[in-house]
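Participant: This is the structure, below, for whatever I ask next.
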Amino acid sequence: MFLNLLKDFWLLFGRMFPLPTTPGLREAGKPTRSSPVLVTCNFDLTVRKVLRTLERSGIDAWLLVAPSRGINVWCASGAGHFTADTVISILKTSGIAGRVDHRKLILPQLSGAGVNIWSIEERTGWKARFGPLRIEDLAGYLERGKHRAEPSERRVKFDFTDRLVMGTNLGFSSLVFFILPILIASIWLGSFWWKSIVLIFVLAVLNSLLVFRLPGKPGAARGLSLGIGAAALFLAVSWLVGGPPAGASFAWAGWILFVATYLGYDLPSWSPLWRADRKELLLGKRHTRIEIVEEKCIGCHLCDVVCPVGVFRRNPKTRRYFVADAGACQACGACVENCPTEAIATNFRSAVCKCPTCAVINRVNALKEERTDENESVGGDIAPESACCKGDGAASPESTTAEPAPRACDCGPSRGEHR
Ligand code: SF4
Ligand code: SF4
Numbered sequence: 001m002f003l004n005l006l007k008d009f010w011l012l013f014g015r016m017f018p019l020p021t022t023p024g025l026r027e028a029g030k031p032t033r034s035s036p037v038l039v040t041c042n043f044d045l046t047v048r049k050v051l052r053t054l055e056r057s058g059i060d061a062w063l064l065v066a067p068s069r070g071i072n073v074w075c076a077s078g079a080g081h082f083t084a085d086t087v088i089s090i091l092k093t094s095g096i097a098g099r100v101d102h103r104k105l106i107l108p109q110l111s112g113a114g115v116n117i118w119s120i121e122e123r124t125g126w127k128a129r130f131g132p133l134r135i136e137d138l139a140g141y142l143e144r145g146k147h148r149a150e151p152s153e154r155r156v157k158f159d160f161t162d163r164l165v166m167g168t169n170l171g172f173s174s175l176v177f178f179i180l181p182i183l184i185a186s187i188w189l190g191s192f193w194w195k196s197i198v199l200i201f202v203l204a205v206l207n208s209l210l211v212f213r214l215p216g217k218p219g220a221a222r223g224l225s226l227g228i229g230a231a232a233l234f235l236a237v238s239w240l241v242g243g244p245p246a247g248a249s250f251a252w253a254g255w256i257l258f259v260a261t262y263l264g265y266d267l268p269s270w271s272p273l274w275r276a277d278r279k280e281l282l283l284g285k286r287h288t289r290i291e292i293v294e295e296k297c298i299g300c301h302l303c304d305v306v307c308p309v310g311v312f313r314r315n316p317k318t319r320r321y322f323v324a325d326a327g328a329c330q331a332c333g334a335c336v337e338n339c340p341t342e343a344i345a346t347n348f349r350s351a352v353c354k355c356p357t358c359a360v361i362n363r364v365n366a367l368k369e370e371r372t373d374e375n376e377s378v379g380g381d382i383a384p385e386s387a388c389c390k391g392d393g394a395a396s397p398e399s400t401t402a403e404p405a406p407r408a409c410d411c412g413p414s415r416g417e418h419r
């Protein structure tokens, strides 16, 4: 119990570190052949939260834990690690087909940036739909038994608790970035290291909590606003209480300004409310364009279902959808990925996350893959992390069920080639 709590705490405040749990089939309660089948990522905290929510609500369900490299749903789908291929792989290797009489899947809404539900249906016959955005709304959604989540269940809130958690995570991630220069500077400046660590956490949490109140566009500008306020307050208090000498006080004020600006720039990486585009966050200029080609729209509603920020509205006369709030779009690509008629035109590629954390993770993965390729080319036998087969069409032996695994696998085209 205590260990579990400790693990939850660590996972909650250390989301930048992927912590995987074994992919496969889980049971919530005593699921039957007609129980719902849910899918989620293999980020350990998410899996435990979903199971806990279902069990507390007395809902019997199957849970497919897909291999997303231990990354949460939103980040994994934005970075291309949680896709239709990932879902298909777990569908085939888990043996779920032999345990239920229906072919319906419920996906987390935020997986829309990576998962194309039409591709799943075409290639497996399973009908997928997107459930609510937050785990907390899952029980209500399942109890209603309706096809669609309510609009309030489909929108990102980024409320006080979210902002507190994300601010703390921002502190952790920024510490990784700053720790080496801080430690080197501490050789000459003594207590500089611990004061800087406290400063980073305080400014990270403040940046996150006050983000809607700070002047300027989301990104570096809001961090700079906070930095100016914090540095001015520091100088005033320093002068009043007779703190460090003027030179040292101004040096600290400059450090506060720099740290706050950097944190403001990086904060959107921790929020699904703003696009994590480095150029845009630094310069405050928007260059995202999104529009619906009206003649192509068939009014299927899916763009509105997957959009976490409510960009689309339905025209009651034509029954087609239009872009009502282009400024809110944060280029997650979920609508583009799932529009069945390719009616949505943008100037960005879908589901390519550009946040600094993803840049680092993708670079590390690319290096790992390069090394894996080298090993394989000299006869190594390394299984692909998230594949449903080993490239030979045979199902993976890692099935979590007693059912015989399906013999064939069609893990085919990668993202972007499905339509
Ligand atoms: S997903 Fe595409 S076809 Fe469906 S309502 Fe949106 S724009 Fe129209
Ligand atoms: S409109 Fe923008 S934010 Fe909404 S789903 Fe599409 S790309 Fe994502």
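Counting in the numbering used here, the sequence shown runs from 1 upward without gaps.
Quick reminder that beta carbons are idealized off the backbone N, C-alpha and C, glycines included.
A quick note: this is a predicted structure, and the numbers were derived from the prediction, not measured.
Assuming V39 and V100 are in contact, meaning their beta carbons sit under 8 Å apart, how far apart are those beta carbons, in whole angstroms?
Facilitator: For the purposes of this step, residue 39 is taken as residue 39 along the sequence shown, with counting starting at 1. For the purposes of this step, residue 100 is taken as residue 100 along the sequence shown, with counting starting at 1. Actually they are not in contact, since the Cβ atoms of V39 and V100 sit about 13 Å apart, beyond 8 Å.
Participant: Should R154 be flagged as near chain D, meaning a C-beta pair shorter than 9 Å?
Facilitator: The question asks about chain D, but that chain is absent: this structure has only one protein chain.
Participant: Pick helix, strand or coil for G167, following the three-state DSSP scheme.
Facilitator: Reading the sequence shown from its first residue, position 167 is the one you call residue 167. Of the three classes helix, strand and coil, the one that applies to G167 here is helix, per DSSP.
Participant: Flag this pair as touching only if the segment 302-309 and the segment 334-349 have three or more C-beta atom pairs under 8 Å; answer yes or no.
Facilitator: yes
Participant: Nearer than 8 Å: is that true of the beta carbon of T346 relative to any heavy atom of ligand 2?
Facilitator: Taking the first residue of the sequence shown as 1, we reach residue 346 at position 346. At least one heavy atom of ligand 2 is nearer than 8 Å to the Cβ of T346, so yes.
Participant: List in chain order: all unbroken alpha helix (DSSP H) runs of 4+ residues lying wholly within the segment 52-127.
Facilitator: Fully enclosed alpha helix (DSSP H) runs of 4 or longer: 73-78, 84-94, 117-124.
Participant: Quick one: give me the first and last residue of the alpha helix (DSSP H) that A28 is part of.
Facilitator: Position 28 of the sequence shown, counted from the start, is the residue given in the question as residue 28. Unbroken run through A28 is the beta strand (DSSP E), 24-28; no alpha helix (DSSP H).
Participant: Is there at least one non-hydrogen atom of ligand 1 closer than 8 Å to the beta-carbon of D325?
Facilitator: Position 325 of the sequence shown, counted from the first residue, corresponds to residue 325. Result no, Cβ not under 8 Å from ligand 1.
Participant: Excluding sequence positions up to five away, which residues of its chain have a Cβ less than 8 Å from the Cβ of S377?
Facilitator: Position 377 of the sequence shown, counting from 1, holds the residue named residue 377. Note that S377 scores a pLDDT of 49, beneath 50, so its modelled location is shaky; the value from the coordinates is reported in the next line. Closer than 8 Å at the Cβ level, and outside the excluded window around S377, lies no residue.
Participant: Inspect the beta-carbon positions of W126 and L91 and report whether they are closer than 9 Å.
Facilitator: For the purposes of this step, residue 126 is taken as residue 126 along the sequence shown, with counting starting at 1. For the purposes of this step, residue 91 is taken as residue 91 along the sequence shown, with counting starting at 1. L91 is positioned such that its CB atom lies closer than 9 Å to that of W126.
Participant: Mind checking whether L142 and L267 have CB atoms under 9 Å apart?
Facilitator: Looking up residue 142 in the sequence shown gives position 142. Looking up residue 267 in the sequence shown gives position 267. It is not a contact, given that the beta carbons lie outside the stated cut-off.
Participant: Looking only at C-alpha atoms, which of Y265, S271, Y321, S225 sits nearest to M166?
Facilitator: Residue mapping note: residue 166 aligns to position 166 of the sequence shown, counting from 1. Closest option to M166, judged by alpha-carbon separation, among Y265, S271, Y321, S225: S271.
Participant: Put A345 into one of helix, strand or coil per three-state DSSP.
Facilitator: The count along the sequence shown starts at 1 and reaches residue 345 at position 345. A345 carries a strand assignment under DSSP once its states are collapsed to helix, strand and coil.
Participant: Quick one: measure Cβ to Cβ for L164 and T53, integer angstroms, because I've assumed they're closer than 8 Å.
Facilitator: The count along the sequence shown starts at 1 and reaches residue 164 at position 164. The count along the sequence shown starts at 1 and reaches residue 53 at position 53. Wrong, their Cβ atoms sit about 20 Å apart, outside the cutoff.
Participant: Can you give me the Cβ contacts of R289 inside the same chain, cut-off strictly under 6 Å, excluding the 5 residues immediately before and after it?
Facilitator: Stepping through the sequence shown from its first residue, residue 289 is reached at position 289. Contacts found: N347.
Participant: Between which two residues does the alpha helix (DSSP H) containing T261 stretch?
Facilitator: Stepping through the sequence shown from its first residue, residue 261 is reached at position 261. First-last of the alpha helix (DSSP H) with T261: 246-266.
Participant: Among C41, A326, L203, V259, which one has its Cα closest to the Cα of G78?
Facilitator: The sequence position of residue 78 within the sequence shown is 78, counting from 1. The shortest C-alpha separation from G78 is found at C41.
Participant: What does the alpha-carbon distance come out to for the pair R148 and G131?
Facilitator: The residue you call residue 148 lines up with position 148 of the sequence shown. The residue you call residue 131 lines up with position 131 of the sequence shown. Looking at the two C-alpha atoms, the distance is approximately 7 Å.
Participant: Below 7 Å CB to CB, which residues in the same chain sit around L210 once its five sequence neighbours on both sides are set aside?
Facilitator: Your numbering for residue 210 matches position 210 in the sequence shown. Around L210: L226.
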